[in-house]
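Enquirer: Pasting a structure here, questions to come.
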Amino acid sequence: MGFIDNLYSVLSDKIYFAFIKEDRFMYLLNGLSVSIQLTIFAAIIGIVIGMLVAFAKITGKPPLAQVADWYVAIIRGTPVVVQLTIIYYIILADIDLPRTIVASIAFGINSGAYVSEIIRSGIQAVDRGQTEAGRSLGLSYGNTMRFVIVPQAVKNILPALGNEFVILLKETSISGYIALDDLTRGGTLIRSVTYDSMTPLLTVAYIYFLMTAMLSALLSKFERRLRSSD
Amino acid sequence: MKRNLKILTTLFLAIAVLFAAAGCTKEETLKMGTNAEFPPFEYVDGENFAGIDVELAEAIAKELGMKLKVENMAFDSLIDAVNSGKVDFVAAGMTVRPDREENVDFTLKYYNATQTIIVQGNNNDVKSKANLEGKKIGVQTGTTGQDIAGEIKDAEVSKYNNGLEAVMDLKNGKIDAVIIDNFPAKSYVDKNSELKLVEGDFDEEQYAMAVKKCNTKLLEKINKALQKLIDDGTYDKILDKYSK
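Protein sequences appear in the order of chains A and B. The number in our numbering is simply the position in the first sequence, starting from 1, with 941 added. The number in our numbering is simply the position in the second sequence, starting from 1, with 55 added.
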């Protein structure tokens, strides 16, 4: 009995000290809002870039297709941390932008490469017969794409895209490298004032876990509704 | 044939273990935790670590008949590392503060320092601590600088992994000033002629090394060694070497 009491008082002390004293939970709350902001902006930028790059690759016209190939190869071939620090400290060094924008751009550019591959494979997964049928019905290439291929491709693309969104949320955790206070940074900041690693870091991990679980649940619900039309 | 092979392998492994065990009776290692991004106290020099703290620690280890091993990690994880036993002691230009004293035991204080301000050379706005209100300030996480910056009115505080990154952003104009300890500040300004130092009139601080709470045995040993280095002039010699 004494052990349980002891454990309870130790835990509640730690939680009080890490979060309630001096409103330290605000580090996490502010950090969380930054992480979510970054994920949403980066997702939007990533989808736009992804679509452009995917279509550049599909049309196969040089030099667009070449540039697209290079872009995807370089972004997928380097760590996102390195990309983030290069963009912040070198490429955008002389431009006065708030850190959240710089980070969104960097994560968006990174996401765009992966999204483009998702879109491209989704489109190419649609049976060739569909394109042939569309063309033989007299539809132009553009219209075939628009009314026949892409709607079917979307069903392939959306699950993978949703997954990429979840990955993005976790990727934003490296924002500390450019002094941007995201959720992970919130945890390490609390640690730096309380000298207790366990409470803030485990809590941060748990929050990420909850967020990704909620996101995944929403996505599978969405997927089921899509599949009901099959 | 197969049976012979098995016997030979086992014999070989047994001999190898014997050699390894023999190696274990060599000198004990003294593990030092530090954040080697804080010149001239600790920094990376080619393949090795260098700096005032590193040389002091090596001298201390020699006094104790042990071999020094330097573990480089983030500044704000040092106290955690010493308390969990990952390192035996911390020597990282660490200021003695009441909140830190609650979590570790400090050795005798071996250096007097103060925080100072670094700005761009052509900055005429910031001439003292008072001018820092409302400005963008860069600090290293977990340092005294972070605390001081946090108390300046309306300041926008950016927390970096180390002093160097803060100085880089200062050079790029992303922040207006960096608050950091004076000795490293001087080292940064010496290497970057476009920056300059500004007197901040901050409180004086003292550095000490730290051991795990209640590790009195090691604390006494380090204190004795440190005192000897101060008494016999080694401490002054090391300080002079890095003060050029």
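Backbone N, C-alpha and C define an ideal beta-carbon position, used for all residues, glycine too.
For V181 (chain B), which residues in the same chain have their Cβ closer than 8 angstroms to its Cβ, ignoring the five residues on either side in sequence?
Expert: Within the same chain, V181 (chain B) has close Cβ partners I172, V174, L187, K190, D231, A232 and V253.
Enquirer: Using a beta-carbon distance cut-off of less than 8 angstroms, what residues from the segment 1124–1135 of chain A approach chain B?
Expert: Answer in chain order: R1126, T1129, L1130, R1132, S1133 and V1134.
Enquirer: Taking Cβ-Cβ distances shorter than 7 angstroms, what residues in chain A pair up with Y215 (chain B)?
Expert: What Y215 (chain B) touches in chain A: A1120.
Enquirer: Let me see if you follow: with CB-CB separation under 8 angstroms, is N178 (chain B) close to chain A or not?
Expert: No, N178 (chain B) lies away from the interface with chain A (no Cβ there is under 8 angstroms from its Cβ).
Enquirer: Using beta-carbon positions only, say whether K86 (chain B) and D143 (chain B) come within less than 8 angstroms of one another.
Expert: It is a contact, given that the beta carbons lie within the stated cut-off.
Enquirer: Distance cutoff 8 angstroms, beta carbons only. Does G88 (chain B) sit that close to anything in chain A?
Expert: Answer no: the Cβ-Cβ gap between G88 (chain B) and chain A never drops below 8 angstroms.
Enquirer: CA-CA distance, V1043 (chain A) and G205 (chain B)?
Expert: Looking at the two C-alpha atoms, the distance is approximately 24 angstroms.
Enquirer: For the ligand HEM, is there a heavy atom less than 7 angstroms away from the beta-carbon of D1123 (chain A)?
Expert: Ligands in the displayed structure: none, and consequently the ligand HEM is not present.
Enquirer: Name the DSSP bridge partner or partners of Q282 (chain B)?
Expert: DSSP lists no partner for Q282 (chain B).
Enquirer: Nearest by alpha-carbon distance to G120 (chain B): which of B:I107, B:M223, B:S298 and B:K276 is it?
Expert: Minimum Cα distance to G120 (chain B) is reached at B:K276.
Enquirer: Mind checking if G288 (chain B) is an interface residue toward chain A, Cβ cutoff 8 angstroms exclusive?
Expert: Taking Cβ atoms only, chain A never reaches closer than 8 angstroms to G288 (chain B), which makes this a no.
Enquirer: Residues of chain A with CB under 7 angstroms from G197 (chain B), in chain order?
Expert: Within chain A, the residues near G197 (chain B) are S1133.
Enquirer: According to a CB-to-CB cut-off of less than 7 angstroms, which residues of the segment 133–165 of chain B neighbour chain A?
Expert: Against chain A - using a Cβ distance shorter than 7 angstroms - the residues of the segment 133–165 of chain B are I134, D135 and N158.
Enquirer: Compare the C-beta of N167 (chain B) with all C-beta atoms of chain A and state if any pair is closer than 8 angstroms.
Expert: Answer no: the Cβ-Cβ gap between N167 (chain B) and chain A never drops below 8 angstroms.
Enquirer: Since I believe R965 (chain A) is in contact with I1131 (chain A) (beta carbons under 8 angstroms), could you give me their beta-carbon distance rounded to a whole number of angstroms?
Expert: Contact flag correct, Cβ pair sits at about 5 angstroms.
Enquirer: Can you tell me the Cβ-Cβ gap for V1013 (chain A) and A1054 (chain A), rounded? I've got them flagged as a contact below 8 angstroms.
Expert: So it is a contact: roughly 5 angstroms between Cβ atoms.
Enquirer: Could you pull the DSSP bridge partners for I173 (chain B) from this structure?
Expert: B:V233 and B:L252, per the DSSP bridge assignment.
Enquirer: Contact between the segment 991–1001 of chain A and the segment 1051–1070 of chain A is defined here as three or more beta-carbon pairs at a separation below 8 angstroms; is this criterion met?
Expert: Because the criterion of three Cβ pairs below 8 angstroms is met, the segment 991–1001 of chain A and the segment 1051–1070 of chain A touch.
Enquirer: Specify the secondary structure class of T198 (chain B) as computed by DSSP and reduced to three states.
Expert: DSSP places T198 (chain B) in coil when its eight states are reduced to three.
Enquirer: Who pairs with T150 (chain B) in a beta bridge, going by DSSP?
Expert: T150 (chain B) is bridged to B:Y262.
Enquirer: Buried or exposed: P1039 (chain A), going by 16 or more other Cβ atoms within 10 Å of its Cβ?
Expert: P1039 (chain A) should be labelled exposed.
Enquirer: Going along the chain, which residues of its own chain have a beta-carbon closer than 6 angstroms to the beta-carbon of Y297 (chain B), five neighbours each way excluded?
Expert: Only P95 and I107 meet the Cβ criterion.
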